[in-house]
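Trainee: Mind looking over this structure? Questions follow.
Residue numbers (the working numbering): 92 to 335.
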């Protein structure tokens, strides 16, 4: 059996229309269950808890078998970029507003992860995984997650089991919602991922960002590519893969 993990990023109040459009499109060709990457306090001042319609959607998704991942706390940079030069360069070039967990000292990372999980669980939304915004974080993050009892950490092409240190690599393709050079560079990576998918690698990740998705030609192309993949692969979640 071969698998595909479908991830919808940036689930938050300001992106609710795009999120709902993506979920409806995914439902149309059976891309279920899926991963929902949720921001509990978007921008620092917009609480998910104050948007009951979105909370209801997330609960319904979880009841049907989807899995929620904590996707930062505010999804906004909090100070100067930290970490090694590659992390800082990627943050400046590709996520200058969003690299939250590449801009925090370790104690603040822990506080935000703890509070983000508490906020979601208080809403009846269970969480076992974490994905930093932009897939960017300093090297302290895995240890923070281990201390807090998280199960896994998502990178762009990796799944790290934080309690054991085991790391798995998955090819990927997807839609960034940024347009321009960033989208074009991701498109090159998508070509590689789709070639590997045809070579029957065990699992591939498909990610979608809601920004401009309903109007994006790229998003529609990626959705069509996913629909074709699902003729020979089954959708699953990262938690289910770890349980297998």
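The beta-carbon is built from N, C-alpha and C at its ideal position, and this holds for glycine as well. The structure displayed is predicted, hence computed values, not measured ones.
Starting from residue 177 and walking both ways along the alpha helix (DSSP H), at which residues does that stretch end?
Mentor: In the chain shown, the residue the question calls residue 177 occupies position 86. Start and end: 176 to 185.
Trainee: Look up residue 98 in the DSSP assignment and say whether it is helix, strand or coil.
Mentor: Within the chain shown, residue 98 is the residue found at index 7, counting from 1. Strand.
Trainee: Given residue 172, which residues of its chain have a CB within under 8 angstroms of its CB, disregarding the five upstream and five downstream residues?
Mentor: Locating residue 172 in the chain shown gives position 81, counting from the first residue. Within the same chain, residue 172 has close Cβ partners 178, 179, 182, 183, 190, 193 and 194.
Trainee: Residue 136 to residue 277, Cα distance in whole Å?
Mentor: Reading the chain shown from its first residue, position 45 is the one you call residue 136. Reading the chain shown from its first residue, position 186 is the one you call residue 277. The straight-line gap from Cα to Cα measures roughly 30 angstroms.
Trainee: Check for me: the alpha helix (DSSP H) holding residue 112 runs from which residue to which?
Mentor: Counting from one through the chain shown, the residue named residue 112 turns up at place 21. Residue 112 -> alpha helix (DSSP H) spans 107 to 119.
Trainee: Distance check for residue 232 and residue 174, CA to CA, integer angstroms please.
Mentor: Residue 174 sits at position 83 when you count from the first residue of the chain shown. Residue 232 sits at position 141 when you count from the first residue of the chain shown. Between residue 174 and residue 232, the C-alpha separation is close to 11 angstroms.
Trainee: What three-state label does DSSP hand residue 261 in the structure shown?
Mentor: Counting from one through the chain shown, the residue named residue 261 turns up at place 170. Correct three-state label for residue 261: coil.
Trainee: In or out: residue 143 buried (at least 16 other Cβ within 10 Å) or exposed?
Mentor: Numbered from its first residue, the chain shown carries residue 143 at position 52. So residue 143 counts as exposed.
Trainee: Here's a check: name, in chain order, each residue in its chain whose Cβ is nearer than 8 angstroms to the Cβ of residue 108, leaving out the five neighbours to either side.
Mentor: Position 17 of the chain shown, counted from the first residue, corresponds to residue 108. Cβ neighbours of residue 108 beyond the five flanking positions: 301 and 305.
Trainee: Return helix, strand or coil for residue 332, following the three-state DSSP convention.
Mentor: Numbered from 1 along the chain shown, position 241 holds the residue referred to as residue 332. Three-state result, residue 332: helix.
Trainee: DSSP on residue 308, reduced to helix/strand/coil?
Mentor: As a first step, residue 308 is located in the chain shown; it is residue number 217 there, counting from the start. Helix.
Trainee: Using a Cβ-Cβ cutoff of less than 7 angstroms, which residues in the same chain neighbour residue 185 once the five nearest sequence positions on both sides are dropped?
Mentor: Within the chain shown, numbered from 1, the residue matching residue 185 stands at position 94. Cβ neighbours of residue 185 beyond the five flanking positions: 225 and 273.
Trainee: Within the continuous beta strand (DSSP E) that includes residue 231, where are the two ends?
Mentor: Taking the chain shown and counting its residues from 1, the one referred to as residue 231 is at position 140. No beta strand (DSSP E) holds residue 231; DSSP gives it neither H nor E.
Trainee: Could you spell out the range, first to last residue, of the alpha helix (DSSP H) harbouring residue 297?
Mentor: Residue numbering aside, residue 297 sits at position 206 when the chain shown is read from its first letter. Premise fails: residue 297 lies in the beta strand (DSSP E), 294 to 299, not in any alpha helix (DSSP H).
Trainee: For the alpha helix (DSSP H) containing residue 150, list its first residue and its last residue.
Mentor: Working through the chain shown from its first residue, we reach residue 150 at position 59. Start and end: 143 to 155.
Trainee: For residue 210 and residue 132, which I take to be in contact (beta-carbon distance under 8 angstroms), what is that distance rounded to the nearest angstrom?
Mentor: Within the chain shown, numbered from 1, the residue matching residue 210 stands at position 119. Within the chain shown, numbered from 1, the residue matching residue 132 stands at position 41. Indeed, because the Cβ distance is near 7 angstroms, the residues count as touching under 8 angstroms.
Trainee: For residue 308, count the other beta carbons within 10 Å of its own beta carbon; 16 or more makes it buried, fewer makes it exposed. Which is it?
Mentor: As a first step, residue 308 is located in the chain shown; it is residue number 217 there, counting from the start. Flag for residue 308 reads exposed.
Trainee: In three-state terms, what does DSSP make of residue 282?
Mentor: Position 191 of the chain shown, counted from the start, is the residue given in the question as residue 282. DSSP places residue 282 in helix when its eight states are reduced to three.
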